Structure formats: C-alpha cells, structure tokens
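Scroll down for the structure; my scribbles are underneath it.
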Amino acid sequence: MNAPIRPPEAAALAGIHAISAYADQAWDQRIVPALTDYIAVPAKSPMFDADWAQRGLLDRVVRDAAAWVESRKVAGLTLEVVRIEGRTPVIFFDIPATRAEAGDTVLLYGHLDKQPEFNGWRKDLGPWTPKYENGLLYGRGGADDGYAVYAAITAIEALDSQGIARPRCVGLIESCEESGSPDLPAYLEVLKARLGQVGLVVCLDSGAGNYDQLWLTTSLRGMVSGVLKVEILTEGVHSGDASGVVPSSFRILRQVLDRLEDSKTGELLPPSFHCEMPASRRVQAQATASILKDELWKRFPWACGADGAFSLPTTTDPVQALINRTWRPTLSVTGVDGFPDMGSAGNVLRPYTAFKLSLRLPPLVDGNEASLKLKALLEDNAPYNAKVTFHADGRAGALGATGWNAPDLAPWLEDSLNAASQAHFGAPVGYIGQGGTIPLMSMLGKSFPQAQMMVCGVLGPKSNAHGPNEFLHVPFGKKLTAAVAQVVAACP
Numbered sequence: 004m005n006a007p008i009r010p011p012e013a014a015a016l017a018g019i020h021a022i023s024a025y026a027d028q029a030w031d032q033r034i035v036p037a038l039t040d041y042i043a044v045p046a047k048s049p050m051f052d053a054d055w056a057q058r059g060l061l062d063r064v065v066r067d068a069a070a071w072v073e074s075r076k077v078a079g080l081t082l083e084v085v086r087i088e089g090r091t092p093v094i095f096f097d098i099p100a101t102r103a104e105a106g107d108t109v110l111l112y113g114h115l116d117k118q119p120e121f122n123g124w125r126k127d128l129g130p131w132t133p134k135y136e137n138g139l140l141y142g143r144g145g146a147d148d149g150y151a152v153y154a155a156i157t158a159i160e161a162l163d164s165q166g167i168a169r170p171r172c173v174g175l176i177e178s179c180e181e182s183g184s185p186d187l188p189a190y191l192e193v194l195k196a197r198l199g200q201v202g203l204v205v206c207l208d209s210g211a212g213n214y215d216q217l218w219l220t221t222s223l224r225g226m227v228s229g230v231l232k233v234e235i236l237t238e239g240v241h242s243g244d245a246s247g248v249v250p251s252s253f254r255i256l257r258q259v260l261d262r263l264e265d266s267k268t269g270e271l272l273p274p275s276f277h278c279e280m281p282a283s284r285r286v287q288a289q290a291t292a293s294i295l296k297d298e299l300w301k302r303f304p305w306a307c308g309a310d311g312a313f314s315l316p317t318t319t320d321p322v323q324a325l326i327n328r329t330w331r332p333t334l335s336v337t338g339v340d341g342f343p344d345m346g347s348a349g350n351v352l353r354p355y356t357a358f359k360l361s362l363r364l365p366p367l368v369d370g371n372e373a374s375l376k377l378k379a380l381l382e383d384n385a386p387y388n389a390k391v392t393f394h395a396d397g398r399a400g401a402l403g404a405t406g407w408n409a410p411d412l413a414p415w416l417e418d419s420l421n422a423a424s425q426a427h428f429g430a431p432v433g434y435i436g437q438g439g440t441i442p443l444m445s446m447l448g449k450s451f452p453q454a455q456m457m458v459c460g461v462l463g464p465k466s467n468a469h470g471p472n473e474f475l476h477v478p479f480g481k482k483l484t485a486a487v488a489q490v491v492a493a494c495p
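For the sequence shown, our numbering assigns the number 4 to the initial residue and increments by one for each residue that follows.
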C-alpha cells in the first residue's frame with residue numbers, strides 16, 4: 004500500500020523534525036567523542052607556541068578532523084589538507100550540490116587552533132582534560148572553535164539524509180585564527196578559483212546572547228594588540244638609594260596610558276579611535292537589551308558578591324552595556340613583564356615595566372591606521388625622556404585587525420534565519436554585536452562583497468572562551484547545527 008501523501012506543511016514539519024533528530028544523534032554518537040579527543044591536544048596557536056611546526060600538534064588536530072570528515076562518506080565529497088611552506092595548514096573540502104539549479108556556493112568556516120591554558124580552572128577541570136557534565140563539554144577549544152568542522156559536515160549530512168536539496172558547499176578550516184589569521188589571505192588567494200561564487204558564508208566562530216534562540220552576529224570589533232615598554236635604567240637599583248631621584252618606570256607608564264584612557268571612566272580619549280554607530284545597529288541593540296536585560300552584566304564572575312551584587316559594572320543600562328562592548332573602543336592590559344614574582348620581590352627599583360595591551364576598536368575603524376596612531380600617541384614626548392616603545396603584534400600583514408559590520412540581510416536570509424530559530428528553538432532569531440575580533444570576516448567581506456553572512460556560534464553566557472572553565476553547551480550546539488542545515492537548504 005502506498006503511503007498517504009502529506010500536505011506540504013506536514014512534509015516540511017517532518018523534515019525539520021528529522022533534521023533535528025539527526026543532529027541530536029550525531030552530536031551524542033560522533034561529535035562529542037571527537038571533540039573529547041580534540042580538547043586533549045594542546046594545539047596552541049602559533050602566537051602562543053613558537054615551535055608549533057616542530058611540535059606537530061596543530062598538524063595532529065588538522066589530520067584528525069580531516070580523517071573524521073572523510074570517514075563520513077558524504078556523497079561527492081573531496082577533501083585536501085592544503086599546505087603553504089612556512090604557514091599553518093588548512094582543510095579545504097568540496098561537496099557538490101544536490102539540487103538541479105545549484106546556484107551560489109555556501110562557504111562554511113571554522114578553526115582548530117587554540118588559546119593558551121590560562122589559570123583559575125576548577126579543581127576537577129583543566130584546559131587539556133575534557134569533561135562532559137550536565138550537557139556541558141569542558142576544556143580548551145571545544146567551543147572556540149573545534150566543533151565547527153564537525154557541526155558543518157553534520158548539517159550537510161542531515162539534509163542529504165532526508166533528500167532535502169541544497170547548493171554546493173565548501174569548507175575552509177584554518178589553524179591560526181587565534182593568532183589573527185595571518186596565513187589566511189595567502190590561502191584565500193590560492194583557493195580563490197576553487198571556492199567559486201560564494202553566496203553565503205557560514206562562520207561558526209562567534210557567540211550567543213543566551214541559549215534559548217538562534218543568534219546572528221551583526222558586527223565585530225577590531226583590535227590592536229602589542230607591548231608597551233618603558234625603560235628608565237639599564238639595571239635594577241636599591242629603591243632606598245634611588246627612589247625620589249629616579250622616576251618609577253611604572254609611574255611613567257601610567258602617565259603614558261593617561262594619554263589614551265580616562266582611568267576613572269575607561270573612556271578612550273582620542274576621537275580617531277571612535278566611530279558613529281549606525282542607527283540600525285542601535286535599534287537592534289535596544290531589541291536585544293529587552294531580551295537579555297541585566298543578564299548582560301550578571302553573567303560575569305564578579306569578585307565581590309554573587310553575580311555583581313556588590314561589584315558594579317561600568318553601566319547597568321542593558322542598551323548601553325551592549326553598545327559599550329560592541330561599538331565603543333576599550334583598553335585591557337592582558338600581560339605584564341618586568342615584575343618579579345611576590346616571593347622574589349626585593350627592595351629594588353625596577354629598570355623597566357612592560358604591559359601587553361589589547362585595544363578593541365569599533366567595527367568601522369581601520370585597524371592598521373589605529374595601530375600607527377596608537378604608537379605615535381604612546382611614544383612621542385616621553386616623560387623624563389624615558390625610553391618608551393610600543394610594538395604591535397602585527398597580524399595578517401597589518402599592524403592591527405579591522406573589525407566588521409555585516410551587510411544588510413537579504414530577505415531570503417532574514418526569513419530563513421527566523422524560521423530556523425522558531426523551528427529549532429521555539430523563539431525568534433536574535434541580533435547581537437560581538438566585542439571580539441574575527442579577522443577572517445573583514446577578509447571574506449572584501450573577497451566576496453556580494454555574499455550574505457551567517458556568523459553565529461556556541462559561545463553563550465559563562466562559556467568563557469580564552470579563560471578558565473571554557474565549555475561547549477552541547478544542547479545548544481545540537482540546535483545550532485540543525486538551524487544551520489535549514490538555512491543552507493534555503494540558500495538560493
């Protein structure tokens with residue numbers, strides 16, 4: 004007996020449920036085990052491991068991921084680990100379209116390199132000791148961004164398993180994103196012809212405002228990072244003999260930073276580091292603030308009181324908090340040098356003080372120009388004629404990373420994002436700017452100016468990428484994978 008013909012709405016609903024079920028099973032049976040192995044490998048990005056090539060750990064996670072992809076036997080898939088001498092490797096895979104009119108290509112992006120260990124991990128956790136607990140997979144790199152290649156392939160498999168037509172899909176998985184993607188432009192050039200006409204970029208390296216809906220990243224900040232060093236002596240001297248005559252290198256460094264930042268408010272002083280926030284982004288921030296409310300600041304691990312009960316953020320206005328972390332420049336000191344540890348700190352006036360600076364820039368400020376202006380601001384007319392130097396890290400052929408503001412959404416993408424969020428989360432899609440930097444996005448924006456951008460990820464509240472106790476929220480990852488599949492199928 005022939006099965007009854009279902010109406011289109013029922014068939015579509017059945018397809019959505021099947022995609023979701025496929026993603027759930029894949030995560031439980033294949034992705035979580037693969038990520039558990041991946042987390043155990045300390046494959047730090049080249050910026051944090053100068054001997055990465057000799058150590059072979061980046062090569063290992065690339066090989067493991069490539070082998071996993073090939074083992075899935077996706078129809079028509081071809082995969083190559085592409086290598087340019089002296090650069091970190093990338094995975095490139097190509098899967099032909101299953102629809103009659105193929106249309107544009109979908110490019111799926113992720114990375115496999117990791118941030119360093121950091122300290123402060125919970126006693127039963129560690130960066131390289133994965134632990135799966137209550138739906139959370141703890142360890143460095145699982146959420147940022149090891150899961151991406153596995154989720155991307157699973158999304159394609161979910162569609163193919165249901166016979167749902169889709170366009171051609173290619174994957175680009177790099178291994179130096181945490182160093183600013185310095186090798187990526189060379190690979191984009193080498194692979195340009197093979198990438199084809201890209202109509203949609205799916206970047207799985209971003210964050211989420213909560214775990215209750217699909218979140219689309221609308222903007223990313225840029226960044227200038229580097230070392231500010233103040234030298235006043237050639238060697239340390241007795242502080243009782245010299246203090247009061249020799250100025251403290253730390254005090255000079257504070258004076259120099261006062262040119263850049265108002266220490267009372269945290270406001271960056273040079274106008275050139277600011278830009279106008281587009282009106283549409285302000286409207287989106289207001290809508291997002293109404294969803295997240297005070298969770299925007301309560302989510303952080305405040306030192307005094309529970310969830311900020313006594314320690315206070317720079318603002319408790321959720322709209323302003325969103326703007327501050329996405330469209331305002333901010334300065335952080337992320338490392339120091341020239342200081343002995345406490346147990347070895349004698350009465351010595353130190354010869355120099357050095358700070359590692361991380362200057363986050365609004366999305367529309369050019370990172371290279373900002374780096375040059377920052378260097379001049381910090382070095383010129385040094386107090387006491389001290390030796391003041393600022394050396395930018397220099398990433399991807401530039402001194403700073405430029406941020407990114409997403410292009411206007413095409414109607415088909417806006418509709419499909421909302422439909423996918425409703426189908427798999429039961430809530431509308433949310434729009435949020437991210438304070439972090441993904442240099443790739445500005446590169447891809449230039450390489451594929453007509454492409455639509457779906458930038459999303461699993462880094463939601465308390466997931467703590469780059470810090471201690473980083474985790475991947477597996478239930479969210481399952482739903483995100485299914486949502487990506489649905490959007491890919493809708494790509495014209």
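Where a beta carbon is used, it is the ideal one built from N, C-alpha and C, also for glycine.
Computed from a prediction, not measured in an experiment: that's the story for all the values here.
Rounded separation between PHE428 and LEU325 - CA only: 23 Å
Do the segment 133 to 146 and the segment 74 to 94 make contact, defined as three or more Cβ pairs closer than 8 Å? Too few Cβ pairs lie closer than 8 Å, so no.
Could you have a look at ALA399 and say whether DSSP puts it in helix, strand or coil? In this prediction, ALA399 scores a pLDDT of 49, lower than 50, which makes its location untrustworthy; the coordinate-derived value is nonetheless stated afterwards. Of the three classes helix, strand and coil, the one that applies to ALA399 here is coil, per DSSP.
Using a Cβ-Cβ cutoff of less than 6 Å, which residues in the same chain neighbour ARG169 once the five nearest sequence positions on both sides are dropped? THR101, LEU162, VAL491, ALA492
Does MET446 come within less than 8 Å of chain B when only Cβ atoms are used? In the displayed structure, chain B is absent; only one protein chain is listed.
In terms of residues, what are the limits of the beta strand (DSSP E) holding HIS469? Unbroken run through HIS469: none, as it is neither H nor E.
How is the beta strand (DSSP E) around TRP218 delimited, first residue to last? 218 to 223
Using only the alpha-carbon positions, how far apart do SER450 and GLU417 sit? 22 Å
Can you give me the C-alpha to C-alpha distance between LEU352 and GLY338, rounded to a whole angstrom? 20 Å
Hey, how far is the Cα of HIS469 from the Cα of GLY149? 13 Å
Would you mind giving the Cβ-Cβ distance between ILE156 and ARG75, rounded to the nearest angstrom? I have them listed as a contact below 8 Å. The C-beta separation of ILE156 from ARG75 comes to about 6 Å, placing the pair in contact by the 8 Å criterion.
Residue ranges of each beta strand (DSSP E) run of no fewer than 3 residues wholly in the segment 113 to 190, ordered along the chain? 134 to 136, 139 to 141, 172 to 177
Let me know if ASP208 comes out buried or exposed under the rule of 16 or more other beta-carbons within 10 Å of its beta-carbon. buried
Given LYS481, which residues of its chain have a CB within under 8 Å of its CB, disregarding the five upstream and five downstream residues? SER23, ALA26, ASP27, TRP30
Cβ-based neighbour list, THR392, same chain, cut-off 7 Å, excluding 5 preceding and 5 following: LYS232, GLU382
Using three-state DSSP, classify SER374 as helix, strand or coil. helix
Contact defined as beta carbons within less than 8 Å: I believe LEU115 pairs with SER182. What is the distance between those atoms, to the nearest angstrom? 12 Å between Cβ atoms; not a contact.
If you count every other CB in all the chains shown that lies within 10 Å of the CB of GLU298, and 16 or more means buried, which is it? exposed
What three-state label does DSSP hand ILE87 in the structure shown? Here DSSP, grouped into helix, strand and coil, assigns ILE87 to coil.
Rounding to the nearest angstrom, what Cα-Cα distance links ASP344 and VAL240 in this structure? 17 Å
Delimiting residues of the beta strand (DSSP E) encompassing SER335: 333 to 340
What number of angstroms, rounded off, separates the C-alpha of PRO495 from the C-alpha of CYS459? 20 Å
Is ASP97 helix, strand or coil by DSSP? strand
For the candidate residues GLN489, ALA395, VAL286, whose alpha-carbon lies nearest to that of TYR434? VAL286
Straight-line Cα distance separating LEU315 from ALA306: Their backbone Cα atoms lie some 10 Å apart in a straight line.
Using the three-state DSSP reduction, which class does ARG262 fall into: helix, strand or coil? coil
Closest to GLY225 by C-alpha separation, out of PRO354, LEU443, THR108, would be which residue? LEU443
Following the continuous beta strand (DSSP E) through ALA357, name the residue where it begins and the one where it ends. 355 to 364
Check whether the segment 372 to 381 touches the segment 259 to 273, counting contact only when three or more Cβ pairs, one atom from each stretch, lie closer than 8 Å. yes
Measuring straight from C-alpha to C-alpha, what distance separates VAL336 and ASP52? 21 Å
Could you work out which residue in TYR112, ASN408, ALA158, GLY349 is closest to GLY18 when comparing CA atoms only? ALA158
Going by the DSSP bridge assignment, what does LEU203 pair with across the sheet? VAL109, GLN455
For LYS134 and THR39, what's the separation of their Cα atoms in angstroms? 8 Å
Residues of its chain near ALA292, where Cβ-Cβ distance is below 6 Å and the 5 sequence neighbours each way are ignored: PRO321, VAL322, LEU325
Say the cut is 7 Å; is the CB of THR356 nearer than that to a heavy atom of the ligand ADP? The ligand content of the structure shown is nil, which means the ligand ADP is not present either.
For LYS232, which beta-bridge partners are listed by DSSP? ALA357, THR392
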